[in-house]
Structures are given as structure tokens and as C-alpha cells.
Amino acid sequence: MSQVRVRFAPSPTGFFHIGSARTALFNGLYARHTGGKFILRIEDTDKERNSDAFLKVIFDSMRWLGMDWDEGPEVGGDYGPYFQSQRTGLYKAKLQELAAKGRAYEKDGAWWLRLEGARTAAYDEHLKKDYEKVDAAPMVLHDLVRGQVARVEDRDFVIFRSNGEPVFHFVNVVDDIEMRITHVIRGEDHLSNTSKHLELFKAFGVEPPKYAHIPLILKTDGPGKMSKRDKGALIEEYQQRRYLPSAVRNYLCLLGWTPADGKEVLPIEEIIRQFEISAVHQSNARFDERKMSHVNAQTLRNLPAAEFAALARPILLESKVIDASVSDARLAEILGIVQEKVVSLEHLPEFMGFFFTADFKPDEGAKANLTKKGGDPVARVRELLPVLEAAAWNEPALEAAFAAVGAAHERKPTDYFAPVRFAVSGQGGGAHLLGVLRVLGRDTTLARLKSFAA
RNA sequence: GCCUCCUUCGUCUAGCCCGGUCCAGGACACCUCGUUUUCACUGAGGUAACUGGGGUUCGAAUCCCCAAGGGGGCGCCA
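Structure, rendered in C-alpha cells:
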């Protein structure tokens, strides 16, 4: 079989929707899996609804997600131009081709595709109007995901508007032919359009590509598919919230497809290796922000330390937690104990800000919890202070100090943990406490404890 | 109204094609417990599902039919 050629064909009419991202992703995965080509084509035939700003959103989002295209805008290719607005001549020529065959005709200023079959008058309950029903043969689709799906297209449809512009169904098919597309992977919302497309391929006398209609992403709760107004529906939201693009991509793969080996958090190379269209699910999936967040956290913790640091530094700079004077070595030391606990880059500044300033904002909830377990927190810190002052500043010694003070006052060593954490960080949770004290350093730790106990 | 797709824990799903190994496995979330480390960590447990009804069969989550529910489409939008 010849080389696989798939395309993602968005219309720059809005934001980059999570469903679009996944469609693009599945196309890209299939291209990479098979060693084929991934083509980006911009469907901007409707001038009323297009904008250059939206175009940039598509490019930025796709690149952010690591979905680079082999042919298309900004990269070129042998089958361009890749903007449908620049292919008008081609569409007109193809329309003439159908007209010459007697398969297209003009009516009310628009051009229509003429279906083959006997005609009768009928009434459409939905549109509340009469129409000419065509007794056409069913179009049988052998969908790679859904199997055989037959549907009858029973009336002629518009392929060129009266304003001279071609409609979606027409350009979509013409370009798939001209661009030598071998597989069309798209959302299930296009399933019932496919009979129109198959009629067009038939009219052109061209063998249609293989189709794969993938399930849709539904709202977390409530009826219907994700709409752009739903929380979490737009890729830019994840960029703003510091999600790792690889984690977003990973989660999106899990919506509609399952890795054969059952591992859910896995690198893109492994996803590409395992990805099969035949394994794509048939049923729609509900979007789950919490699971996505979990995938993000897992991915974050699995990052090599250097990579984590490279991501963390600009975020900490931007939030003014650190300035440029903080050395890589110092940052690495802190990040070393933070990475295993933090769940998102978004929360990194508040999670580790106390390492750089004593002027942190105490967590009121944590403060309220202090007295619950260990009694009076100030008393605990006072008991502990002299022992810590005498201790060597490494984790085993610090652990021994907590144990000693606990034994001396007939308390559990852990009764001292929460007060100490709160005193040095203002928080109720966070990185491993002994590590925090070690990295914070003897002087800073003791100073904050004294200040707390004063 | 018509066309079409889908239907396993709250959610994402494995199993279904090739019926018995499934009183249905995993993950997220939730709950409980654990550690001389509190915790946004980690470990161990737990609650929780084959939409319903017929049929085929010795035997059905798995095959067939019907119903119900959900999704999508029905535009000179894409």
C-alpha cells in the first residue's frame, strides 16, 4: 500500500477546542505510527467567520502540543496551497467537471449535485417544506472504527453557494482527492456527512479514502458534547495553567483509545508505537479534569530533574519568588525535595515560596489544625528548639532530635512535625519536612522557629 | 419528525470478534487503615458496574432480536 497521508482540516473560526486537538492528535499519531504524512489544511471558505488571529491560535496550540505537520501552512508541501481560500480556481474547475458530466446543475443561483435515481415529491417535517426526494442507492461506508454503516442521501445538495463560494462538503472532497489523502480520521459528528462525501467521490469517479470516525468528548456532567464555553474545553486554558503539553496530549489519547499494555501515563514514543485505529473506541467519553490533573502530576514527577528545573525557573522568576541571582545549584537543591510532592507547576510558587522569604502568607486552615494533634504548637517548638540547636544539620541527626524530644516529653515525634512545618513555611503540608529543614539551613530554620516561639 | 452511532463501577476503561478461566480486572475520584514523617507523597485495603426484556445454548458481559436511554446529524456553517 502507498504511503499513508492524513490531514487535519480545521476552520479558523474560533478557539482551539479540545476535541479538535484530539482529532489532530489521532491523525498525527496515525501518520507517525505508519511513517506517513500529516497534513494541515485550513478550511477557510466561509469568509464571514474567519480571522487571522484564530489562525495563529491553531498553529500555536498544535505546536505547543508537539503536533507538527509535514505539509501545510508555514512549512509548504507539494500539494499546496493549503488554504482553501487560495484554491478557488481549482474548485471552479472541478465544478465544471461535474457539470460537464451532468452531475451538477444551477438553481436559484447556486450549484447542486445531482444524485442518480428516480425522483418524487416529498415533505420534510424538520424543515417544514417540500423537496424532491431521490430514490438513490445507499452509500455504504466501511468505517475503520464503526464497521459498516449504510446511509441514503435522498436529495440533491448545494456544492457552490449563490455568492460563488464552494461549500464544505465539496471542498473537503476535492482537496482530499487533490492532496491524495488516504485516511480521513475525524469526529463522529461527521458520520452522517459521509454519505454526501461518498456521493461526491462517486460523481468524480474516484475511489474514496478510508474513513475512521472517532468518538466525541462529552461534557463532564450534563448533556451533550464539550462546547467551547465549558471549563477545560480550550487548549489555551492548559497553557495558562502551566499544564505540561505532554500530559495534556497523553490524557487526550486516553479519551477514545487505550494503550494495549494498560499503562496510562506513557511517553509519546510509546503511544506512537502502540497506536492503532482499530483500537479506537466506538463510544463517546466524558471529559474528567481530575484524571487529567493526575496524568499531569505523574508526568511532572517523572520528569528528569534538569528538565523540571528548566520549567520551574521561569515560572518562579515570573511570580517573583526568585530573582536572577538564585544559582542553579541552590534551585536544584530545593527542587530536589519539591518535585516528588508538587502536583502542578501552576502551584509551584506558593508551594516553595517560603524557601526564599520569611515573609510568607500563613495558611489559616493549617493554623487551625495545629492544636488538634500536638496540643499547643508554641510549646512544642519551645521544647524542640534547644535540641535542634545542638543537633548536627543532616536528616538522620534531625530525625534523632525529633525522636529525642518526643521521648523527653512523652509525646510522639510527629507531634512536633506540624508546628515546625507551620513555623518555617506557614503551610500544613508540603515537601518532606526533614528535607525542608536541611535545605532551608540551620540558621534560617532556627530563626523562624525562635520567631514563632517568641 | 427522519437518518445514524453508541450502551460494563460516579468517571475513563479491560474483557466482547474466537460463549465457560469474570460471583467481571485496572485507573481517576471517594472512604478506611498504616509507617518515630504531618502531607498535595507513598503503601495496604474498601465501597462501586455487565441498561431492561426476550431468544440461541448445557452455559452469555460476550451471539441474535426488541425496547429504553445517551450521542451526533438533518443549512447556500464547517
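Residue numbers (our numbering): 21 to 474. Backbone N, C-alpha and C define an ideal beta-carbon position, used for all residues, glycine too. Everything numeric in this text was worked out from a predicted model, so none of it was measured.
Note on geometry: alpha-carbon atoms of T214 and P229 lie some 11 Å from one another. Assigned with DSSP and collapsed to three states, M159 falls in strand. For K216, the enclosing alpha helix (DSSP H) begins and ends at T214 to F224. Residue state for R166 is assigned as coil, using DSSP reduced to three classes. Between the C-alpha atoms of D435 and F380 there is a straight-line separation of about 23 Å.
For T278, the closest alpha carbon among the candidates A305, G252, E256 and Q260 is that of A305. In terms of Cβ geometry, G450 and R458 do not form a close pair [threshold 8 Å]. When secondary structure is reduced to three states using DSSP, E284 falls in the coil class, being assigned neither helix nor strand.
In this structure L275 does not touch R462 by the C-beta definition: roughly 50 Å separates them, more than the 8 Å allowed. Counting the other Cβ atoms within 10 Å of the Cβ of G184 gives fewer than 16, which makes it exposed. DSSP links V204 through a beta bridge to Y231. Taking a 10 Å sphere around the C-beta of H203, we find 16 or more other C-beta atoms and assign the residue as buried. Collapsing the DSSP output to three states places H37 in a strand. Under the criterion of beta carbons closer than 8 Å, A267 and N316 qualify as touching, at roughly 4 Å. D150 carries a strand assignment under DSSP once its states are collapsed to helix, strand and coil.
Taking the C-beta atoms as reference points, I179 is found nearer than 8 Å to L115. Under DSSP, E327 takes part in no beta bridge, so it has no partner.
Inter-residue distance for L272 and H452 is about 32 Å (C-alpha atoms, whole angstroms). At a Cβ-Cβ threshold of 8 Å, L454 and E415 count as neighbours.
Classified as buried, S445 has 16 or more neighbouring CB atoms from the shown chains inside 10 Å of its CB. Residue pairing by DSSP places A142 opposite Y151 in a beta bridge.
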